[in-house]
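Enquirer: Chains as they are written, first to last, in the working numbering: chain A, 0 to 451; chain B, 0 to 451.
For each residue, glycine too, the CB sits at the ideal point set by N, CA and C.
Quantities reported herein were computed from a predicted structural model and do not represent experimental measurements.
One structure is given below, represented as structure tokens, and several questions about it will come after.
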């Protein structure tokens, strides 16, 4: 691999230049900006490497889902690695908090700043750079590669499940490398194997046709009270979710997943300190904190609104009340099933009048720690970083992993160029050039080892 | 009384002109507008009738409470009737909803429109007109009269209790006529004998120093959840308030109070219909509805706010949550006592972290149905209206009655010029000229009978 690594080292400036060009395109999916242009630009990065490319529409819904860039290149081995990425980015706002303009990537102190440099254009550029090194140094690739690059991941990957279903054969592979990943605060590499699912709902209650003077509290039903009572039945103060059957689908962590988190760095004290508190929920610390964070589902109130919210007193009995809630789900919970159970819970507790509107749903997915892909990635990372990666059995967050794991049946993991201070989704998004370089080498090593 | 009534009839235009002049002054206490000017104007209405007047500052607090107009006139009998009124008005906004400008009183279809024409300048003008009739027709008054006219009732009568305490001797009287009152939808006169008290609080909760990504729902405390749980312990879905000792001070209605509400018009079906519902809380109807509405205390959530309240989903774990609550209190509940009990309730239920801020407090007060004042008012109203009044033992609302009833020891009741469609506190505030005329006569009759 040293010849490949040497090429990557020597062509680092070219790779950064290529990333910079890609990041100049303001492909903000939430604002439907520069999407087509960016898809074409990505195709333009793939073709010179020999990839056959297609820009495929997403179907499955009446909304304006953005097209997917698909690319494929045969290698020596018929074994195929599928890269999942996305070419869209988060909105750059608030602009005034950027040190340099978000769409004019700028190098400062060994870091490149700009929207998308980490999430996820930096990973696209690193993967392209690794492939280029193989092509230039060795010619043929050791394995076959495919890319599936979405244009609206940042708005929740609409219709991705239908897209994968529709293109099962095109996307067929032996493993999938997910979009993100990177190193810990101490610079140690991580490999992440799964995501939580999500059910996002809005609960609304309307008791009377207009707000009333609060002296009517004697006789008129108050929407805020009804919502408070309804919510209070959903989770008890001991943090146990009270929806019947909520925990039925929860698959307990395997011994190997448990062993993996026991090897992970324990950063609970630092995390709690940064939020100004001394104790986690349920008083968990160390491995128990990690287990709770990665393996337990949640029920979160994201927002509450009712009646008078301004300064001072106003004596009003609210006609309407609203709560936003999300449930983070773990394998094998299903957002549709949880929604049905929540509806039944409200009905059976006397809250049939509370309306539920679904604002989002994704299924959880996890690749086993024991999958052969993990062993291959472990070796590739050792090649590139000179150290063993931490294996993270699942993120606490959510992403569109499920169709790749469940529909395509692919073991799926990530390793990438990020670090904890990358400010993704925030002003001054950045990468450290050293992480970009090592992340590129890890991809190159993985391509090499995956073909064997 | 016919000579006096005749004078009132013949000088109706003068009385309306006098009310119109008073209503041109935009004495909006919330905006500290035209307050001094209006106090002087009221003094100018009293002096020609022979009243000795004073403009007295309120003391007792660092804020800018507005001065009180005090006026006194001796009559034949040493028995003294004290009129409580206020010369300030509610803000006129939203201006675009007024048919004619709020501070240019306008006659249309037998009604006078303008801010304050009903609440409370109309009552000041009617009282002045009744006194003028007595002075012009008979010379000496049959009883002694005092006025206590506040300048900031519409912002909650700050420091009124201290003011009354400080001026006990000046305000000494045998009975107090309260500011409001009027007729039912059917035009039948009412006499109201009390008010509920009020405790208004803001509950706030802060669990972490900034909002977190909602994936942290596993380990970080959520302010919205804590507030929901805390509130849910305060009142149960059966509408029973769960604060220990909350109902201790509640004095059950007397047989006479019960008899009074049995004679009242039953308007529950119309009220519920206007709010778009068919059933009151606890399913009460008729007399039970009135009893619940007038004699029971309440705990109302007036507002809720936390986290993300905008369109669509945002996965955020809120650091802060806020609720506004008011408790309407009945004799002999005390807002300070209820506040202390609420604090103890929260502490003992594990919510010592929820902060309480008091935004308002008034004590309840009620004059017994059996008080001799009620009999006198009954007769005076019969004189003016030719029909018996309904005796309303208490309002469901709140006002600064307590210092007059409890500190000065005065039986206190109202009868006035209002009607249910007067739009007080709202655009197109109005009075019907016929109500103004009969209300003026009722005051004149009361002055006559009170002196006997």
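What residue range does the alpha helix (DSSP H) around residue 335 of chain A cover?
Expert: Here residue 335 of chain A is taken as the residue at index 336 of the first chain, counted from 1. Here the alpha helix (DSSP H) through residue 335 of chain A covers 334-347.
Enquirer: Note down, in chain order, all residues in the region 156-185 of chain B with a beta-carbon under 9 Å from any beta-carbon belonging to chain A.
Expert: Listed by position along the chain: nothing, the set is empty.
Enquirer: Check whether the Cβ atoms of residue 3 of chain A and residue 136 of chain A sit closer than 7 Å, and answer yes or no.
Expert: By 1-based counting over the first chain, the position of residue 3 of chain A is 4. By 1-based counting over the first chain, the position of residue 136 of chain A is 137. Their beta carbons are under 7 Å apart, which means residue 3 of chain A touches residue 136 of chain A by this criterion.
Enquirer: Could you list which residues in chain A have their beta carbon closer than 7 Å to that of residue 221 of chain B, in chain order?
Expert: Within the second chain, residue 221 of chain B is the residue found at index 222, counting from 1. Ordered by position in chain A, the residues that pass the 7 Å Cβ test against residue 221 of chain B are 299, 300.
Enquirer: How many Å lie between residue 69 of chain B and residue 178 of chain B at the Cα?
Expert: Here residue 69 of chain B is taken as the residue at index 70 of the second chain, counted from 1. Here residue 178 of chain B is taken as the residue at index 179 of the second chain, counted from 1. Straight-line Cα distance between these residues: approximately 15 Å.
Enquirer: Assess contact between the region 320-327 of chain B and the region 335-355 of chain A, defined as three or more Cβ pairs (one per stretch) separated by less than 8 Å. Is contact present?
Expert: In short, these stretches do not touch, since the Cβ pair count stays below three.
Enquirer: Please confirm whether residue 228 of chain B has its beta-carbon closer than 7 Å to some beta-carbon of chain A.
Expert: The residue given as residue 228 of chain B occupies position 229 in the second chain. So, interface residue.
Enquirer: Taking the alpha-carbon of residue 422 of chain B as reference, which of B/110, B/308, B/43, B/140 has the nearest alpha-carbon?
Expert: In the second chain, residue 422 of chain B corresponds to position 423, counting from 1. Closest by alpha carbon: B/110.
Enquirer: Check each residue of the region 326-337 of chain A: if its Cβ is closer than 7 Å to any Cβ of chain B, include it; give the result in chain order.
Expert: Here the close residues are 327.
Enquirer: For the putative contact between residue 347 of chain B and residue 188 of chain B, defined by C-beta atoms under 8 Å, what is the C-beta separation to the nearest angstrom?
Expert: Locating residue 347 of chain B in the second chain gives position 348, where the first residue counts as 1. Locating residue 188 of chain B in the second chain gives position 189, where the first residue counts as 1. 48 Å between Cβ atoms; not a contact.
Enquirer: Drop a sphere of 10 angstroms on the beta-carbon of residue 212 of chain B, count the other beta-carbons inside from all chains shown, and report buried for 16 or more, exposed for fewer.
Expert: Taking the second chain and counting its residues from 1, one reaches residue 212 of chain B at position 213. Residue 212 of chain B comes out exposed.
Enquirer: Mind checking the region 334-367 of chain A against chain B and listing, in chain order, the residues whose C-beta falls within less than 8 Å of any C-beta there?
Expert: Residues passing the 8 Å Cβ filter: 349, 358, 359.
Enquirer: Which same chain residues, not among the five before or five after residue 389 of chain B, have their C-beta less than 6 Å away from its C-beta?
Expert: Translated into the one-based positions of the second chain, residue 389 of chain B becomes position 390. These residues qualify, in order along the chain: 189, 263.
Enquirer: Of all the beta strand (DSSP E) runs that stay within the bounds of the region 175-232 of chain A, which reach a length of 3 or more residues?
Expert: Fully enclosed beta strand (DSSP E) runs of 3 or longer: 189-191, 196-205.
Enquirer: Quick check on the DSSP output: the beta strand (DSSP E) that includes residue 246 of chain B runs from which residue to which?
Expert: On the second chain, position 247 is the one that residue 246 of chain B refers to. Residue 246 of chain B -> no beta strand (DSSP E), and no H or E assigned at all.
Enquirer: With a cut-off of 8 Å on the beta carbons, I'd call residue 434 of chain A and residue 416 of chain A a contact; round off their distance for me.
Expert: Locating residue 434 of chain A in the first chain gives position 435, where the first residue counts as 1. Locating residue 416 of chain A in the first chain gives position 417, where the first residue counts as 1. Correct: roughly 5 Å between the Cβ atoms.
Enquirer: Going by DSSP in three states, residue 407 of chain B sits in which element: helix, strand or coil?
Expert: Residue 407 of chain B sits at position 408 when you count from the first residue of the second chain. Three-state DSSP puts residue 407 of chain B in coil, outside helix and strand.
Enquirer: Can a CB atom of chain B be found closer than 7 Å to the CB of residue 517 of chain A?
Expert: With chain A covering 0 to 451 only, the question about residue 517 of chain A has no answer from this structure.
Enquirer: Is the beta carbon of residue 128 of chain B closer than 7 Å to that of residue 86 of chain B?
Expert: Numbered from its first residue, the second chain carries residue 86 of chain B at position 87. Numbered from its first residue, the second chain carries residue 128 of chain B at position 129. The answer is no: Cβ separation not under 7 Å.
Enquirer: Per DSSP, which residues does residue 147 of chain B bridge with? Please list them.
Expert: On the second chain, position 148 is the one that residue 147 of chain B refers to. DSSP output for residue 147 of chain B lists B/69, B/83 as bridge partner(s).
Enquirer: Got a sec? Which residues, its chain only, sit under 7 Å from residue 98 of chain B by beta carbon, not counting five neighbours each side?
Expert: Here residue 98 of chain B is taken as the residue at index 99 of the second chain, counted from 1. Hits under 7 Å: 112, 427.
Enquirer: Are residue 442 of chain A and residue 116 of chain A closer than 7 Å when you measure CB to CB?
Expert: Counting from one through the first chain, the residue named residue 442 of chain A turns up at place 443. Counting from one through the first chain, the residue named residue 116 of chain A turns up at place 117. Cβ distance not < 7 Å, so residue 442 of chain A and residue 116 of chain A don't count as in contact.
Enquirer: For residue 400 of chain B, go through chain A and note every residue whose CB falls closer than 9 Å to its CB, in chain order.
Expert: Along the second chain, read from residue 1 onward, the residue named residue 400 of chain B stands at position 401. Those do not exist, as residue 400 of chain B stays about 14 Å from chain A at its closest Cβ, beyond 9 Å.
Enquirer: With residue 389 of chain A as the anchor, note down where its beta strand (DSSP E) starts and where it stops.
Expert: Sequence index remark: in the first chain, residue 389 of chain A carries index 390 (1-based). Segment 389-391, the beta strand (DSSP E) holding residue 389 of chain A.
Enquirer: Could you check the C-alpha separation between residue 172 of chain A and residue 404 of chain A for me, to the nearest Å?
Expert: Here the question's residue 172 of chain A lines up with position 173 in the first chain. Here the question's residue 404 of chain A lines up with position 405 in the first chain. So the alpha carbons of these two residues sit roughly 11 Å apart.
Enquirer: For residue 79 of chain B and residue 375 of chain B, I'd like the C-alpha separation in whole angstroms.
Expert: In the second chain, residue 79 of chain B corresponds to position 80, counting from 1. In the second chain, residue 375 of chain B corresponds to position 376, counting from 1. Distance between the alpha carbons of residue 79 of chain B and residue 375 of chain B: 14 Å.
Enquirer: What three-state label does DSSP hand residue 27 of chain B in the structure shown?
Expert: To locate residue 27 of chain B, count along the second chain from 1; it is residue 28. If DSSP states are grouped into helix, strand and coil, residue 27 of chain B belongs with the strands.
Enquirer: How about residue 147 of chain A and residue 170 of chain A: do their beta carbons lie closer than 7 Å?
Expert: Position 148 of the first chain, counted from the first residue, corresponds to residue 147 of chain A. Position 171 of the first chain, counted from the first residue, corresponds to residue 170 of chain A. Going by C-beta atoms, residue 147 of chain A is nearer than 7 Å to residue 170 of chain A.
Enquirer: Is the Cβ of residue 117 of chain B closer than 7 Å to any Cβ of chain A?
Expert: As a position in the second chain, residue 117 of chain B is number 118, starting the count at 1. Taking Cβ atoms only, chain A never reaches closer than 7 Å to residue 117 of chain B, which makes this a no.
Enquirer: Quick check: is the beta carbon of residue 275 of chain A nearer than 7 Å to any beta carbon in chain B?
Expert: The sequence position of residue 275 of chain A within the first chain is 276, counting from 1. Closer than 7 Å: yes.
Enquirer: In chain B, what lies closer than 9 Å to residue 261 of chain A by C-beta?
Expert: Start at 1 with the first residue of the first chain, and residue 261 of chain A comes out as number 262. Going along chain B, no residue has its Cβ under 9 Å from residue 261 of chain A, so there is no contact; the nearest lies around 18 Å.
Enquirer: With H, G and I counted as helix, E and B as strand and the rest as coil, what does DSSP make of residue 418 of chain A?
Expert: Walking along the first chain from the start, residue 418 of chain A turns up at place 419. In the structure shown, residue 418 of chain A sits in coil (DSSP, three-state: anything other than H, G, I, E or B).
Enquirer: Please look up how many angstroms separate the CB atoms of residue 150 of chain B and residue 53 of chain B, rounded, as I've assumed it's under 8 Å.
Expert: Indexing the second chain from 1 puts residue 150 of chain B at position 151. Indexing the second chain from 1 puts residue 53 of chain B at position 54. Wrong, their Cβ atoms sit about 13 Å apart, outside the cutoff.
Enquirer: Got a sec, what are the start and stop residues for the beta strand (DSSP E) residue 354 of chain A sits in?
Expert: Taking the first chain and counting its residues from 1, one reaches residue 354 of chain A at position 355. That run of the beta strand (DSSP E) goes 354-361.
Enquirer: Can you give the beta carbon distance from residue 283 of chain A to residue 218 of chain B, rounded, assuming they're within the 8 Å contact cut?
Expert: Here residue 283 of chain A refers to the residue found at position 284 of the first chain. Here residue 218 of chain B refers to the residue found at position 219 of the second chain. Contact flag correct, Cβ pair sits at about 7 Å.
Enquirer: Taking C-alpha atoms, which residue in A/161, A/28, A/13 lies nearest to residue 58 of chain A?
Expert: For the purposes of this step, residue 58 of chain A is taken as residue 59 along the first chain, with counting starting at 1. Cα-wise, what sits closest to residue 58 of chain A is A/161.
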